[in-house]
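Only one structure is covered here, and it is reproduced in the block below.
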Amino acid sequence: MNKRRWIAVLIAAGLLIFSAVASFMTDEGSDEEALSGMDAVLFGSNEIKEQAIEEGSEDQRIAQLSLDGTIVDTGTEGLFSGEEYNHQFFLEQLKEIQDDSTVAAVLLEVNTPGGGVYESAEIAKEIRAIQANDVPVYVSMKNMGASGGYYISASADKIFATSETLTGSIGVIMSSVNFSDLMENLGIEDQTYKSGPLKDMGSAVREPTEEDEEVMQGYVDNSFDRFVQIVADGRDMSEEQVREVADGRIYDGQQAVDNDLVDEIGFPEDALTTLKEDEQLQNAQVFEYDVATTGFDRTWLGSKIAQVQGIEQTDTDRMLNVIERIGTPEAPKPMYYYGGE
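Mapped onto mature numbering (1 follows the signal peptide of the UniProt record, and there is no 0), the consecutive letters of the sequence shown carry residue numbers -22 to -1, 1 to 319.
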């Protein structure tokens, strides 16, 4: 065995020993969110923390949030989410704001093509709960604020976008693939036993019936109706006005302004300046949320130890979670998403 292989074996053995010791020293009673014991020493507490971006009054503060990436719940938590969008952590931030009387306003930076219908509705609900406490929410769309990204933005007190922002795409998509003709050409027959004619709707191995299409289209239409109502309520538009601009097309920032979907052209710093002026918060502290971490979780060794201990998902588990949430060709799910699935 050459030197390189010996080194690899030693690293693997050290990893197993280290992870076993860490697991043994970890408190068994610790919950899934906050880490304690040796886990906290290695990775950090995984608890939410605040970080000031601009110093100012701590009695009236502006929370600056960022939603960056596809709106899908991957099942990851806190410091083990990697660089991708972390749905549970984002919801936690929104709930923290609801319980914090020092937060006088929220600036939400949005950069997303949208995502799951359910996840988008969760976010929109929490944003409305913040506004119910008389806390204004301003949205600044960056590269993209499309479909589900617009859904969560619609109820904002004011929406900003740049001229280059891609937004709109108001609608619902539910995609599947059908291989029935290919199977027939190959001489392959489907043998599916079902309790009712609609049990395998969306199947990739048989042609959809008229009844299939009617049911699936009705399901999509219901999701779309909810989207339209969210926009109508948030933008103070009639349902007819919304439907005129909600045929699924995309808009740039100026087109969105012209169609009453966006209030002003500007970058995040412009939105923050306007928010301070509108709400008399020029001296407010501006802060963001983060996770208490040592940074060890970002290393290869730290990631592997966390996976062995079961406190971080493997790449396979994470992918399976995503597939489960967005659906498959044979079990499609409706999405507020720009660009198909």
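The C-beta atom is built at its ideal place from N, Cα and C for all residues, glycine as well.
| Asked | Found |
| --- | --- |
| Would you report the Cα separation of Tyr316 and Thr90, rounded to the nearest angstrom? | 9 Å |
| Just grab the DSSP bridge partners of Glu87 for me. | Ser44, Ser118 |
| Can you list, in chain order, the residues of its chain with a C-beta nearer than 7 Å to that of Ala18? Leave out the 5 residues immediately preceding and following it. | With a pLDDT of 48 at Ala18, under the threshold of 50, the modelled position of this residue cannot be trusted; read the value that follows with caution. Excluding residues within five positions, none has a Cβ falling inside 7 Å. |
| In chain order, what residues of the same chain have a beta carbon less than 6 Å from the beta carbon of Asn121, not counting five sequence neighbours either side? | Asn89 |
| With three or more beta-carbon pairs closer than 8 Å as the criterion, would you say the stretch 126 to 140 touches the stretch 150 to 166? | no |
| Check whether chain D comes within 7 Å of Phe265, counting only Cβ atoms and requiring the distance to be less than that. | No chain D is present in this structure, which holds just one protein chain. |
| Sorted by chain position, which residues of the same chain lie with C-beta nearer than 7 Å to Gly146's C-beta, five sequence neighbours on each side aside? | Ala124, Tyr128, Arg227, Ile228, Tyr229, Ala234, Leu239 |
| Which runs of the alpha helix (DSSP H) fall wholly inside the stretch 138 to 171 and span at least 4 residues, in chain order? | 158 to 164 |
| From Val50 to Met313, what does the alpha carbon distance come to, in whole angstroms? | 10 Å |
| Quick check on DSSP: helix, strand or coil for Pro190? | The residue you asked about is not Pro; residue 190 is Asp in the sequence shown. In this structure, Asp190 counts as helix in the three-state DSSP scheme. |
| Report the partner residues of Ile26 according to the DSSP bridge assignment. | Val269 |
| What's the call for Ile31, buried or exposed, on a 16-neighbour Cβ count within 10 Å? | exposed |
| Buried or exposed: Ser118, going by 16 or more other Cβ atoms within 10 Å of its Cβ? | buried |
| Around the Cβ of Ser23, are there at least 16 other Cβ atoms within 10 angstroms (buried) or fewer (exposed)? | The predicted model places Ser23 with a pLDDT of 47, which falls under 50 and marks its position as unreliable; any figure quoted below should be read in that light. The residue is buried, with at least 16 neighbouring Cβ atoms inside 10 Å. |
| Measure how close the beta-carbons of Ile208 and Ser133 come, nearest whole angstrom, since I'm counting them as under 8 Å. | 7 Å |
| If you draw a straight line from the C-alpha of Met194 to the C-alpha of Ser216, how long is it? | 27 Å |
| Ignore the nearest five residues each way along the sequence and tell me which others in Glu104's own chain have a CB closer than 7 Å to its CB. | Leu69, Leu72, Lys73 |
| For Val198 versus Ala224, is the C-beta spacing smaller than 7 Å? | no |
| Work out the CA separation of Gln76 and Asn111 for me, nearest whole Å. | 7 Å |
| Can you tell which of Gln42, Glu28, Ala182 has the C-alpha that lies nearest to the C-alpha of Ala249? | Gln42 |
| Less than 6 Å between C-beta atoms, sequence neighbours within five positions excluded: which residues of the same chain meet that for Gly244? | Phe138 |
| Quick check: what's the CA-CA separation for Ile101 versus Lys172? | 37 Å |
| Out of curiosity, what's the CA-to-CA distance linking Phe67 and Lys136? | 24 Å |
| Whole angstroms is fine: what's the gap from Thr170's alpha carbon to Glu188's? | 19 Å |
| How big is the Cα-Cα spacing for Gly7 and Glu25? | At Gly7 the pLDDT is 37, less than 50, meaning the model places this residue with poor confidence; the figure from the coordinates comes in the next sentence. Near 16 Å, if we compare the C-alpha coordinates of Glu25 and Gly7. |
| Please name the residue, chosen from Val264, Lys311, Val269, that lies closest to Thr80 on a Cα-to-Cα basis. | Val264 |
| In its own chain, which residues sit with a C-beta less than 7 Å from the C-beta of Glu33, not counting the 5 before and 5 after it? | Gln263 |
| For Gln260, which of helix, strand or coil comes out of DSSP? | coil |
| Got a sec, what are the start and stop residues for the alpha helix (DSSP H) Tyr128 sits in? | 126 to 131 |
| If the criterion is Cβ atoms closer than 7 Å, does the pair Pro246 and Glu87 meet it? | yes |
| So the candidates are Glu257, Met152, Asp214, Asn163; which of them puts its Cα closest to the Cα of Asn200? | Met152 |
| So for Gly94, helix, strand or coil by DSSP? | strand |
| Quick one: Cα of Ser98 to Cα of Ile166, how far? | 40 Å |
| Can you name the residues that DSSP bridges to Gly123? | Thr90, Thr145 |
| From this set, Lys177, Val183, Thr252, which residue's C-alpha is nearest Asn163's C-alpha? | Val183 |
| Can you tell me whether DSSP reads Ala82 as helix, strand or coil? | strand |
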